[in-house]
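Structure record follows, encoded as structure tokens.
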Amino acid sequence: MSKLERFATNRPRLLGLAYRMLGEATEAEDVLQDAYLRWEHSEAVEVPEAWLTKVVTNLCLNRLTSARARRETYVGEWLPEPVVTGDGWLGPLETVEQRDSLSMGMLMLLERLTPPERAAFVLREAFGHSHREVADILDVDESNARQLYHRARGHVGEPRKRFTVSPDESRRIMERFLAAATAGDVAGLERMLAEDVVNWADGGGKAAASVRPVYGRAKVARLLAGLLSGPRGVGLEFAIGSLNGEPAVLTSLGGTLQSVTFVETGPDGMVTAIRSVANPDKLVHAASRLV
Numbered sequence: 006m007s008k009l010e011r012f013a014t015n016r017p018r019l020l021g022l023a024y025r026m027l028g029e030a031t032e033a034e035d036v037l038q039d040a041y042l043r044w045e046h047s048e049a050v051e052v053p054e055a056w057l058t059k060v061v062t063n064l065c066l067n068r069l070t071s072a073r074a075r076r077e078t079y080v081g082e083w084l085p086e087p088v089v090t091g092d093g094w095l096g097p098l099e100t101v102e103q104r105d106s107l108s109m110g111m112l113m114l115l116e117r118l119t120p121p122e123r124a125a126f127v128l129r130e131a132f133g134h135s136h137r138e139v140a141d142i143l144d145v146d147e148s149n150a151r152q153l154y155h156r157a158r159g160h161v162g163e164p165r166k167r168f169t170v171s172p173d174e175s176r177r178i179m180e181r182f183l184a185a186a187t188a189g190d191v192a193g194l195e196r197m198l199a200e201d202v203v204n205w206a207d208g209g210g211k212a213a214a215s216v217r218p219v220y221g222r223a224k225v226a227r228l229l230a231g232l233l234s235g236p237r238g239v240g241l242e243f244a245i246g247s248l249n250g251e252p253a254v255l256t257s258l259g260g261t262l263q264s265v266t267f268v269e270t271g272p273d274g275m276v277t278a279i280r281s282v283a284n285p286d287k288l289v290h291a292a293s294r295l296v
């Protein structure tokens, strides 16, 4: 197998790793370009998959440091770049952990971690690496790798205890949510929203969006009804797609993607969080794969 073929075989898995580490699809693709150049000029490698995993992880660790500095000056709320899933682009999504680690809610939780903690968590949870393998990738001893992972779990929580709904139920909730919002049905929205629901919007200073989170059932219901119905909703088209391993509302105008919205629910089926990405720079990648 040639070097190019070997890299192509590993590409989806490596992209999945880089995206989970960075929360940015375009940055993840840049990382893989850099990794391929290193791979192309490398000497004989005994275990190519392990070598490539280590290179991609380290490239991501370097980028996370500069990314955090950029996010401190970001206009409004920063949300991860949404990605289309289900087509194998980010590797297999066969387990709960693989899907959960791509969700918008989990990616936001990962922002709480230091870069090494994030690497340890992603490598262990999404890719099933042992503590010994994580230690080798991060160039630390095994006890440090365990500490990094357990600290990460302490910040993120136990993923398996997080409430998840079936894909069918999740889609039904999304359909009800969208129907109420586009009809301007404030009362209907309030019946779906948890009392302490939070709405985040990422416009990046390039699209109309709240620069701070909006809290509370009544405020969020009025905000959503006002955005998606009446004069402000004229010409908008809505669809439900699969992004980040979960249903999402796709809002378009004249064939151009305007926003991607994710809805998170609690154990009682009530909506606890809404995250909308409207920054046009962050929609280019998803739009290109939705065509």
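The sequence shown begins at 6 in our numbering and counts up one residue at a time.
Cβ coordinates follow ideal geometry from the N, Cα and C atoms, glycine included.
DSSP three-state assignment for residue i, whether helix, strand or coil
i           : result
residue 246 : strand
residue 205 : strand
residue 126 : helix
residue 252 : strand
residue 268 : strand
residue 262 : strand
residue 108 : coil
residue 82  : coil
residue 219 : strand
Residue i versus residue j - alpha carbon distance
i           : j           : result
residue 85  : residue 52  : 32 Å
residue 18  : residue 30  : 13 Å
residue 280 : residue 269 : 8 Å
residue 165 : residue 102 : Only weak support is given to the placement of residue 165: the predicted model assigns it a pLDDT of 43, under 50, and the value that follows is read from those uncertain coordinates. Cα-Cα distance, rounded: 8 Å.
residue 128 : residue 139 : 7 Å
residue 1   : residue 28  : Since the first and last residues shown for the chain are 6 and 296, residue 1 lies out of range.
residue 188 : residue 271 : 24 Å
residue 61  : residue 144 : 14 Å
residue 259 : residue 37  : 33 Å
residue 35  : residue 273 : 41 Å
residue 68  : residue 191 : 42 Å
residue 278 : residue 215 : 15 Å
residue 234 : residue 199 : 21 Å
residue 174 : residue 246 : 14 Å
residue 81  : residue 282 : 11 Å
residue 239 : residue 253 : 20 Å
residue 70  : residue 107 : 21 Å
residue 54  : residue 251 : 28 Å
Own chain residues within Cβ distance below 6 Å of residue i, not counting five before or after
i           : result
residue 220 : 203
residue 201 : none
Residue i - containing alpha helix (DSSP H), residue span
i           : result
residue 61  : 53-77
residue 191 : 191-197
residue 186 : 172-187
Span of the beta strand (DSSP E), counted from its first residue to its last, around residue i
i           : result
residue 14  : Segment 8-27 is the alpha helix (DSSP H) holding residue 14; no beta strand (DSSP E) there.
residue 281 : 276-282
Within-9 Å CB hit, residue i to chain C
i           : result
residue 135 : As a matter of chain content, chain C is missing from the structure shown, which is built from one protein chain.
Own chain, CB closer than 8 Å to residue i, minus 5 neighbours either side, in chain order
i           : result
residue 262 : 255, 256, 288, 291, 292 and 295
residue 197 : 178, 181, 182, 185, 275 and 276
Identity of the residue in the options nearest residue i by Cα
i           : options               : result
residue 158 : 125, 27 and 285       : 125
residue 286 : 152, 210 and 22       : 210
residue 266 : 193, 240, 150 and 176 : 176
residue 98  : 64, 33, 171 and 21    : 21
residue 43  : 161, 73 and 56        : 56
Nonlocal neighbours in the same chain, by C-beta distance under 7 Å from residue i, ignoring five residues either side
i           : result
residue 223 : 195
residue 83  : 76 and 207
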